[in-house]
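J.: Just so you know, we're using this note's numbering here: the sequence shown kicks off at 140 and counts up by one. Backbone N, C-alpha and C define an ideal beta-carbon position, used for all residues, glycine too. Remember, it's a predicted structure, so these values are computed and weren't measured experimentally.
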Amino acid sequence: MIDWNNPNVIRGFTLAAYTSFGVALWEFLLTLKFDLELLCRKRKLTLGTFLYMLCRYSNVLTACMFLVATNATRATRCELWIWIQFGASSFATNVATGLLYARVWALSNSDPFVVWGIGLPYVGAWGVIIYSTYMSDGQYIAALSTCSSSNLEAHRVATIYQLAVDLLCLAVMLILLVRMHRNGLSSLWRFLMQQGVIYFVAICLVYIFDLVCTSLPLSKAIALVPSLLRRGHFIAATRMQRGLIEFVENRSVVTSSANGSTRVTLGRTRAGKPQGEGTAVDHWIHDEDLKRIESGEHRGMAS
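Spelled out as structure tokens, the structure:
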């Protein structure tokens, strides 16, 4: 049986922390081109890309602070490192939920029952993570040169709450996709279903592991371990959003006419506004666009 209080075991998890940081850094460098295109205005800055950037850079900050916390040389500012580490991790988690919520918002065509039914619990999640971060504490373990976390009862409550909001978003998205199923199994429909399944598996693994590590009477240093798997959660969320944006761009239809060209983008529309111009969730899909793009009326045109 593993002795969770054995320093060698804990140092093994610290080694895993470096691996986690390496994965986060590798993912960041591989996809840096997307960020540069946003900065150079080659891509349009929308709500989706804004939340994507917040989640992405919060992930980098969390990985950096985890290394700082597990390689502390003295107790000074130990509590501050834990606050920043837990705060950045919780912030990135809730932003990832925001990406999912905005996607559901677009799929529902701004149905007030969906918007408010998920929006109110989502706003409440921000209050929960602020409280849980404030209540978390840091404790220095000199033998391990590690800032350990303690007083995580509020963090466990926040984890359960965030899992519930994510599952609510996924359940509503599934219902909306099933309603769209009557239009046929489009490639876009399959794409969204595949993303939803992958995201469901990712969040279940992360949240359950988090709850196990913070609930069992393990070494206090082990309480930091869930941050390792949080990298996978954030990477899954940002890859989903980036994949959807690229999918939308590839499926956009450009039609030529005597007066110029018209670009049809898969995005939510409002009365009086052309598609893809200044809407809150430009790069998320909408049922009307699905029916139009998947119908034969644009077949044969350049994309």
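1) Which residue comes first and which comes last in the beta strand (DSSP E) that contains T232?
2) Ignore the nearest five residues each way along the sequence and tell me which others in I257's own chain have a CB closer than 7 angstroms to its CB.
3) For S197, collect the residues of the same chain with a Cβ closer than 7 angstroms to its Cβ; drop the 5 residues on either side in sequence, then sort them by chain order.
4) Using a threshold of 8 angstroms, state whether the C-beta atoms of W328 and C286 are closer than that.
5) Could you name the residues that DSSP lists as bridge partners for T285?
6) Could you say which of L238, R180, A245, W222 lies nearest to M319 if we only look at CA atoms?
7) In terms of residues, what are the limits of the alpha helix (DSSP H) holding S197?
8) Measuring CB to CB, does F173 end up less than 8 angstroms from R381?
9) Buried or exposed: where does F252 fall if 16 or more other Cβ atoms within 10 Å of its Cβ makes it buried?
10) From L171, A375, M274, pick the residue whose C-alpha is nearest to that of I223; which is it?
11) If you count every other CB in all the chains shown that lies within 10 Å of the CB of I299, and 16 or more means buried, which is it?
12) Output the distance between the C-alpha atoms of G371 and D250, rounded to the nearest integer angstrom.
13) Distance cutoff 8 angstroms, beta carbons only. Does N290 sit that close to anything in chain B?
14) Do R195 and T377 count as a contact pair if the criterion is CB distance below 8 angstroms?
15) Taking the continuous alpha helix (DSSP H) assigned at C179, which residues delimit it?
16) Considering just the uninterrupted stretch of the alpha helix (DSSP H) at D349, what are its terminal residues?
17) Taking Y279 and A211 to be in contact with their CB atoms under 8 angstroms, please state how far apart those CB atoms are, rounded to whole angstroms.
18) Quick check on L291: does DSSP put it in helix, strand or coil?
19) Report yes if the C-beta distance between T209 and D305 is below 8 angstroms; otherwise report no.
20) Here's the rule I'm using: 16 or more other beta-carbon atoms within 10 Å means buried, otherwise exposed. How should G263 be labelled?
21) Can you give me the C-alpha to C-alpha distance between S354 and I384, rounded to a whole angstrom?
22) What would DSSP say about S159, mapped onto helix, strand or coil?
23) In angstroms, rounded to a whole number, what distance separates the CA positions of L238 and G187?
24) Looking only at its chain, what residues have a beta carbon closer than 8 angstroms to the beta carbon of V296, apart from the 5 residues adjacent to it on each side?
25) Applying the criterion that 16 or more other CB atoms from any shown protein chain within 10 Å of the CB defines a buried residue, is R213 buried or exposed?
26) With distances taken between CB atoms, is the gap from L109 to L171 smaller than 8 angstroms?
27) Using only the alpha-carbon positions, how far apart do S135 and L350 sit?
T.: Reading from the atomic positions:
1) Careful: T232 lies outside any beta strand (DSSP E), inside the alpha helix (DSSP H) at 217 to 246.
2) Excluding positions up to five away in sequence, the list reads Y240, V243, L307, C308, V311.
3) A227, F230, A231, V234
4) no
5) I280
6) For M319, the nearest C-alpha among the options comes from A245.
7) 186 to 208
8) When the beta-carbon positions are compared, F173 and R381 come within less than 8 angstroms of each other.
9) exposed
10) M274
11) exposed
12) 31 angstroms
13) Structure shown: chain B not included; a single protein chain is present.
14) Closer than 8 angstroms, so yes.
15) Annotation for C179: no alpha helix (DSSP H) segment contains it, and DSSP assigns it neither H nor E.
16) 326 to 354
17) 7 angstroms
18) In the three-state reduction of the DSSP assignment, L291 falls in the coil class.
19) no
20) exposed
21) Straight-line Cα distance between these residues: approximately 38 angstroms.
22) helix
23) 7 angstroms
24) V267, S271
25) R213 is exposed by the Cβ-count criterion.
26) Residue 109 lies beyond the residue range present for the chain, which begins at 140 and ends at 442; the question has no answer from this structure.
27) What the structure shows of the chain is the stretch from 140 to 442, and residue 135 is not part of that stretch, so it cannot be assessed.
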